[in-house]
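Residue numbers (the working numbering): 66 to 396. Using N, Cα and C, we set each Cβ at its ideal position, and we do this for glycine too. Every value quoted in this text rests on a predicted model; they were computed, and no experiment measured them. The next block holds one structure in the form of structure tokens; read it before the comments.
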Ligand code: PHE
């Protein structure tokens, strides 16, 4: 039989074989080597090329080559469609009917979101934003703020001491002093930052938390302005209907002093969110501002407490344990 005919017959044989294609990997391999193996049918045809007349060789050679390419392609095609269909190989195939995997997207922490809202409100009424040290000396955290040596806030139980004269700041009020030491009045700043207290941990108190301090010093500053400013802030933060109250209080560095509570609907109790007052003249004198000319108000608010009230979060510890189920509620 001429080689051309033999090529034809191998092709037909292959088409019949592939029609009843086996579903077994070993059988697939067998079939492939029957045709394309080193001693397979295609190789046998190739070895007969020497018998072909020289003028026919280019033509027959081309046909043989085509046969080889063709068979290879059909094998590959069959094998891949078999893998896609056959459940035995499901783990090796891509099931395009499955829904895609949603990638986890990071988010801005709810405390950071709350802080941004607070900053925006104060910036809109003329406050600048400043920052100060978290590790500070006793003088800036206590003495300059009119907190006497014997004041209970200095107690080992409340303050984390780094050494005798250095503390982790217990409030952001230390930055009031730094700002006034470095700038001439009038000044108007808010100061966000972390503070540390060695307190009993509970649903509303943690050993570290965030505050936003506010300080405004000018020639004419009144308690009414302080009230107006904080009311404006609370209305914008919590909405006009949220119940709030000013309550007289005491801080060594303000006189008179007050605290602001917000009504907690969930727990049916008032929750304190900030302390405030008129800057004590002693503090102004400590930083070299003439307290006969300059007056000021200051406030310091707890960011966690504000976020808890605004977003109905019932435990301050949730902010710090990195639980994704908690965090992803605030994306
Ligand atoms: N520093 C006070 C506190 O941490 C809050 C405060 C700031 C009070 C400024 C009055 C003025 O509780």
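As the crow flies, the alpha-carbon of residue 196 is around 13 Å from that of residue 245. Between residue 297 and residue 190, the beta carbon gap of about 7 Å places them in contact (Cβ cut-off 8 Å). The count of Cβ pairs closer than 8 Å, one atom from the region 200 to 210 and one from the region 292 to 308, stays below three, leaving the stretches out of contact. Looking at the DSSP output, residue 231 shares a beta bridge with 202, 228.
Our two residues, residue 94 and residue 138, have alpha carbons roughly 15 Å apart in a direct line. With respect to the 9 Å criterion, residue 340 and residue 280 are not classified as neighbours on the basis of their beta carbons. With respect to residue 205, residue 239 sits close: the two C-beta atoms are nearer than 9 Å. A distance of 9 Å or more separates the beta carbons of residue 92 and residue 107. For residue 340, the CB falls within less than 8 Å of some heavy atom of ligand 1. Judged by the Cβ position, residue 225 fails to qualify as a neighbour of ligand 1 at the 8 Å threshold, every heavy atom of the ligand being at least this far. Beta-bridge annotation (DSSP): residue 255 is paired with 194, 279. Residue 257 and residue 375 do not touch by the CB rule: their CB atoms are close to 16 Å apart, not below 8 Å.
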